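Quick note on numbering: the sequence shown equals residues -23 to -1, 1 to 184 in mature numbering (1 follows the signal peptide of the UniProt record, and there is no 0).
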Amino acid sequence: MEEGGRKIVFLCSLLLFFRQMSCFLHIEELNEMKYGIEIQNTPVERPEALLPDVLYVASKYGQEYQCVLPKVSGQGEGEEAQEEENQQNFNISYLLAPMGKAPCLTKEKDWWTYEFCYGKNIRQYHMEEGEIKGDIYYIGFYESDKNWTNTSNEAAGSHRLQRYHSQKYINGTTCDLTGHYRQAEVRFLCEERMGDYINPGRQAVFV
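In structure tokens, the structure reads:
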């Protein structure tokens, strides 16, 4: 192999010296080559106009060749459609499952501390000197995840563009103003190079 390697380098050096051409060998591409060339015995006439799927090359002796590229029309569209279907049916909850074994996430905002326990509940309380002071309000208990398999294409596309997955938490502590149970929607968004954290977002909407 070393002798063959020296021959290749020597050939490139000749091209650089005599023809002033650059030469570069992609060894990894050669080792993993997934295509080949088959030369037909029957000669063909060169057309007057260049064809879009044909590449014209010549040997060092001036012999011209017409390389016909194989047609793969429709293959890319089928793969793209299959990939889109797999994304819609993919179980996002499986990727989020490790959060259920991790510690609850907390976020302090003004007077309140918000605590989110994945797949369990959301609580709201006041902290002083590292201890909970006063009442603990449950914003909601876990009910369900966003079901992507039962979502229309239009709605699913909207969620993908906005880049979030959601969970619904219901039957929290009764609201004094409305008499209704508190509830919340939790949205999961992806951020590169960021750990898990809480952003309380907008406050409760009273109905």
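Beta carbons are placed, not taken as given, at the ideal position from N, Cα and C, and that holds for glycine.
Predicted model only: the values in this text are computed from it and were never measured.
By the criterion of a C-beta distance shorter than 8 angstroms, C44 is surrounded in its chain by I14, V31, L32, Y33, V34, once the five residues flanking it on both sides are discounted. In the three-state DSSP reduction, Y71 falls in the helix class (H, G or I). Shown here, G77 sits in a helix according to DSSP, grouped into three states.
Nearest to N124 by alpha-carbon distance, out of I69, F93, K84, F118, is I69. Burial state of I99 is buried, judged by a 10 Å Cβ sphere holding 16 or more other Cβ atoms.
Shown here, W88 sits in coil according to DSSP, grouped into three states, outside any helix or strand.
Here V21 has Q43 as same chain residues with Cβ atoms under 8 angstroms from its own Cβ, once five neighbours each way along the sequence are excluded. In terms of Cα proximity to E168, the closest of S36, H142, E41 is H142. Around the beta carbon of Y91, 16 or more other beta carbons lie within 10 angstroms, which makes this residue buried. With fewer than 16 other Cβ atoms inside 10 Å of its own Cβ, Q17 counts as exposed. Under the DSSP assignment, H142 falls in the beta strand (DSSP E) whose first and last residues are 141 to 147.
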